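There are 2 protein chains.
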Amino acid sequence: MATSTSTSTPSRRLRSAEVSKVRFDSGFWADRQRVNREATLPIQYFQCKTTGRIDALKLEWKQGDPNPPHIFWESDVAKWIEAAAYSLAAHKDPSLESLVDQVVDLLAGAQQPDGYLNVHYTVVNPGKRWTNLRDCHELYCAGHLIEAAVAYDEATGKGKLLGVMCKYVDYIATLFGPGEGRKRGYCGHEEIELALVKLARWTKQQKYMDLARYFVDERGATPHYFDIEAVARGETVKPGHYGNHAYCQAHKPVREQGEVVGHAVRAMYLYTAMADLAGEIGDAGLLKACHALWDDLVNHKLYITGGIGPSAHNEGFTTAFDLPNESAYAETCAAIGLVFWAQRLAQVEPDSRYTDVLETCLYNGTISGVSLDGKKFFYVNPLESRGKHHRQEWFGCACCPPNISRMIGAVGEQVYATGKDSLYVHLYAQTTAELMVGETAVRVEQRTEYPWDGKVTLKLGLAAPAPPVRFTLALRIPGWCRSAKLRVNGRAVALKGKVKNGYAHVKAKWADGDVVQLDLAMPVERVEARPEVRMDAGRVALRRGPMIYCLEQVDNGGALNEVSLPRKAKLTAKFEPRLLGGVCVIEGKAERRSGPKWGGELYRAAASRPRAVKIRAVPYFAWDNRAAGEMMVWVREG
Amino acid sequence: MATSTSTSTPSRRLRSAEVSKVRFDSGFWADRQRVNREATLPIQYFQCKTTGRIDALKLEWKQGDPNPPHIFWESDVAKWIEAAAYSLAAHKDPSLESLVDQVVDLLAGAQQPDGYLNVHYTVVNPGKRWTNLRDCHELYCAGHLIEAAVAYDEATGKGKLLGVMCKYVDYIATLFGPGEGRKRGYCGHEEIELALVKLARWTKQQKYMDLARYFVDERGATPHYFDIEAVARGETVKPGHYGNHAYCQAHKPVREQGEVVGHAVRAMYLYTAMADLAGEIGDAGLLKACHALWDDLVNHKLYITGGIGPSAHNEGFTTAFDLPNESAYAETCAAIGLVFWAQRLAQVEPDSRYTDVLETCLYNGTISGVSLDGKKFFYVNPLESRGKHHRQEWFGCACCPPNISRMIGAVGEQVYATGKDSLYVHLYAQTTAELMVGETAVRVEQRTEYPWDGKVTLKLGLAAPAPPVRFTLALRIPGWCRSAKLRVNGRAVALKGKVKNGYAHVKAKWADGDVVQLDLAMPVERVEARPEVRMDAGRVALRRGPMIYCLEQVDNGGALNEVSLPRKAKLTAKFEPRLLGGVCVIEGKAERRSGPKWGGELYRAAASRPRAVKIRAVPYFAWDNRAAGEMMVWVREG
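Top to bottom, those sequences are chains A and B.
Take 122 as the starting number for the first sequence in my numbering and just add one per residue.
Take 122 as the starting number for the second sequence in my numbering and just add one per residue.
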């Protein structure tokens, strides 16, 4: 769908499932969560520990010491705590919990009497708090700590970190806002806004929602706060970071924004908060801005993998249709941020326009960020590689590893959402979930081999003595699916007329033991990009279900750009249980440019002709897990 | 040819024709020279004047004044003088000559008593002479002034500037060299080396050759001069400009260099001097280095247009086969520098390996740098454009406009070269030339429609009473030519066995009035790049004779990447006398991706099919002279 429509007064119509209430028994996401738990979380703790991020919380660093605590180290620790919390919610682990408790104690100990909590400004730059909101991430770090505190309280019932953070936020609230003597500031890296919404929902305290709203409302107001604080620092006011305030979406008030600009992660976190607030405070202006921004993103600036932000220069957006493949930045965190934004919009407006994108991100541009063994990470996710791009063990700026970890840990909340008389199945995955539809507890057992197969069986469970309950079961018919079949208790149900906003709405009085079967046809499909995306002209990407595929050198030899797919060549899917942890591959006949052997010359009179070859494509997310080599998503056709 | 072979003791076997002795009566280069004379030279004077470059020579600038004279302003003025000199050599113009004389007077007046001549260091930074050879271009400016002085003396017999420059060089020689108390420095931007060779040849003074040799020999020696002078400036020694000394080819001694690196113009000017010196001093080590560098360039780093240096970051070279089309930097000056290097190498080793590249540069990547009306200039010469790249009237860093002007003015010296018993015809062009073969004066009248037609007639003229003279007439058989026919005085002569190093060697006793006819088949040809050039995979470039072609939007509509050439589609050439000043175009049938109308979506299931269209390609050099729009050299095939 290409254009969003506006609504009247928006509200949060759906709530995502609670992380702790969606269990992945086996299958694709169970595998991801197991690796996340067994490999990634310990590695992240080890890295935070050995790089000094955790010990910095002891506030022992002194001038002249090496390795000064960095302005955003807390955010890495916070995301690890949050990821650990999601894991603990699903899977008890006393030793992990004990580790988190120790870190929470350190955080509590690092908090200053007034509530302030940031190591860098406490020991490295004392007296300089809040002097550079644009660049220095203080509120950003607070935001991640808030998310961690809520998640940890929710998972374990341990409220210590939540108490620390409420005290910190209460202090922050005394400093910022329209009241006299307060700074009219907001953070150069958005994050605290969406975190405050979470905090308000969890604590049911309106004051946190009000602070979130203030930060969002104030953004981009004139006179410009980032200029005011720059002058206060003794600087000459000049165009801001990376040339202008658009880098951090502060170039104009958010309700006037309609073009996705600047740093991609910053943008996604802001838009997520805007969608949250639109629903919470019934703000049609915020939702309208989200519509414009969403349309700009998905119609002009979205990689087929769900990656966003093509440019390394600003870690972010450029112009419409500028989607280079080899130089794509497509930061892992940005795709994760898009998952959050899509999730929040779908709570306000249940519509597959959002959840289709969410699914694309989940199966492609986000999880490409972590190796199959959970030990190495991509910060940058190109769609083509000469063979030199590989996952690394860690990064100086280590935002991505713990971000992918918390997303995987919390992926259960993306599968289901419920309203007062509706149960939405956004994603298909082998799960057992406990959900509340209005006041009714509903257990959903979903059995499927998805994403490798489109057959899904849902068995509903209602508490035994309860009478049948009337609600709408809304099943997403994915945008990639050209043919879907539905059966309820074994009886075929025509979908015609039932599909609205991308969901099949099945209204019924549901009883315990009811079985719903959905069969989503999942053939291999070639995808083309619109002509304005010049990099993809004459090329196709291979898609099957939610998965985007790529060619790797290890399967197809080098010089992948020499491969072309004849327009009519048949492509077939095959599940390979021992390959890459078990994936469907796509195989078929293709051609390779072939001709007289080249000497040393760069150019010659064209003498090459196509030669038949076989190709094998693997899911994009799983690339660079075998022998190093070239990779390519968009393959030449014809 | 892919690999160069080494020789024993090199010498300068050929001398290029003198600029004043090659007249372009009509045709392609006559048109270029007329525009250069009538439009470009006056514009350059106007720009030098209005931007302050000329008045700066009055040394009236004072601290606090606006527009301080820049470190390399003299080089722009010098190249204008040099270009004017070549024009005057062929075409008297008293008012232009008077303008030059005024500027020469200003230059003489700006010279300091000790001979020093650089406005910036005289009025803006007095006392700082020679403190930053790496970055500050003093010797570079001196080099361009030397070239101007030689050219102006040669064209007009007016030796005033030559005197000024000899005095300046004599002063420079007291400062630099291995002697005690001298700086062991050399310039961060090569140029003075090749200029000193010119000066030595023109004045027949060995001391200037010795100084050239010193600068070349010292380059890259350790301890590294650029580090020594940096320390002297009070700086911490760190990797040099743009990360290392390779930026200016000073990372190791020149005889050890075998990989083309760094800033492309700097590289070409250095290699030109190396080739010059190899021949002048019989230095096999220098020639061997030139061979390795040449092979690296032409086998790995040369655009099909003769453009070089793909990266804007360093205005120069990256890695082998990295030849992006849209982001190609391919500075006009760099292609001009390659013409110089090829010319000098061909003087030492007459071989079409050099002159083929020289011709490609001349007809494509150099003259693309100036508009057909001579009034606008490209600094950057991409091989593909979205329609936003256009020639400009001038640049803050204005090296390219006067460089293309002097190259066009002196192009006659590229057409012929002579040795003691040989006359080489490197290029085919409508000319009348007066040449010396050994002691014998030979007049050559060349009649041809080249580059649009491959038929060439050469009529030799010897002084009437002279007896026939034995020498070898060496006619280049261009690398692009698959079939050539030769007739001498109307009689067919078999080429078999006569072609060596890319030249047909016709040994004869030549008499006045002898006529030689060459017929070079010039069909349209598709060219392919080797597979390692991934950007060009599945694409072809169109070539006819020395001309590389491109598609422009004005002829073919937008979205040029949607066009593909079926492998067997016929392409025909047609001369269009009223198009772009008269050019051959290439026309034929092609295909365009076509399908259901797109909505707003970025991607869809592949639904497009090829649709037949007609295309027209025009010579690359002439693009962006009509309606602004897209351009593309490498067209998809298949």
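Virtual Cβ for every residue (Gly too), placed ideally from N, Cα, C.
Here the structure is a predicted model, which is why all the values come from computation and not from measurement.
Which residue comes first and which comes last in the alpha helix (DSSP H) that contains A/C521? C521 to G530
With 16 other Cβ atoms within 10 Å as the buried cut-off, status of A/S129: exposed
Output the boundary residues of the alpha helix (DSSP H) element that contains B/I707. Looking at the DSSP string, B/I707 is not in any alpha helix (DSSP H); the run it does join, the beta strand (DSSP E), is V704 to S715.
Tell me A/D640's beta-bridge partners as DSSP assigns them. A/K576 and A/K606
Check the Cβ-Cβ distances between A/N502 and every residue of chain B, and say whether any is below 7 Å. no
Terminal residues of the continuous alpha helix (DSSP H) containing B/H412? A405 to H421
Contact set between A/V609 and chain B, taken where Cβ atoms lie within less than 7 Å: Per Cβ cutoff of 7 Å: no residues; A/V609 is ~29 Å from chain B at best.
Mind pulling the chain B residues with CB within less than 7 Å of A/Y670? Result: empty, since nearest Cβ-Cβ is about 14 Å, beyond 7 Å.
Residues of chain A with CB under 9 Å from B/I425, in chain order? L723 and Y724
C-alpha distance - B/T295 paired with B/Q370, whole-angstrom precision: 25 Å
When the Cα atoms are used, what is the spatial distance from A/R376 to A/V198? 33 Å
Taking three-plus beta-carbon pairs below 8 Å as touching, is the segment 691-705 of chain A in contact with the segment 636-650 of chain B? no
Using 8 Å for Cβ pairs, my map puts B/N420 next to A/G721. What's the rounded Cβ distance? 5 Å
Through-space distance from B/L282 to B/V271, alpha-carbon basis: 8 Å
Would you kindly report the start and end of the unbroken alpha helix (DSSP H) that includes A/K200? W194 to A211
Less than 8 Å between the CB atoms is what I'm expecting for B/R737 and B/V706, so what's the real figure, rounded? 5 Å
To the nearest angstrom, report how far apart B/Q223 and B/I164 are at their CA atoms. 17 Å
Would you say B/N420 reaches chain A, if we count a Cβ-Cβ gap shorter than 7 Å as a contact? yes
Determine whether the beta carbon atoms of A/Y261 and A/E195 lie at a separation below 7 Å. no
Proximity of B/G383 and B/Y368 at Cβ, strictly below 7 Å: yes
In chain B, what lies closer than 9 Å to A/V648 by C-beta? Y724, R725, A726 and A727
Measure from the C-beta of B/G486 to each C-beta in chain A and report whether the shortest distance is under 7 Å. no
Near B/L681, which residues of its chain fall below 7 Å by C-beta distance, leaving aside the five closest residues on each side in sequence? L672, Q674, E751 and M753
Where does A/Y537 fall in DSSP's three states? strand
Starting from B/S219, trace the alpha helix (DSSP H) in both directions and tell me its first and last residue. P215 to A231
Is the Cβ of A/N524 closer than 7 Å to any Cβ of chain B? no
Drop a sphere of 10 angstroms on the beta-carbon of B/N188, count the other beta-carbons inside from all chains shown, and report buried for 16 or more, exposed for fewer. exposed
With a threshold of 8 Å on Cβ separation, who are the neighbours of A/L162 within its own chain once the five nearest residues in sequence on each side are excluded? W201, A204, A205, S208, L217 and S526
Alpha carbon to alpha carbon, how far is A/Y242 from A/I192? 8 Å
Taking 7 Å as the CB-CB cut-off, is A/E380 touching chain B? no
Contact check, A/Y537 vs A/Y545 under 8 Å by CB: the rounded distance? 7 Å
DSSP three-state call for B/A138: helix, strand or coil? coil
Neighbouring residues, chain A, relative to B/V661 (Cβ below 8 Å): A727
Chain A contacts made by the segment 678-703 of chain B, where a contact means CB separation under 7 Å: A680, N682, E683 and S685
Suppose contacts are defined by Cβ-Cβ distances below 7 Å. Is B/Y390 in contact with B/G309 by that definition? no
How about B/C521 and B/F498: are their beta carbons less than 7 Å apart? yes
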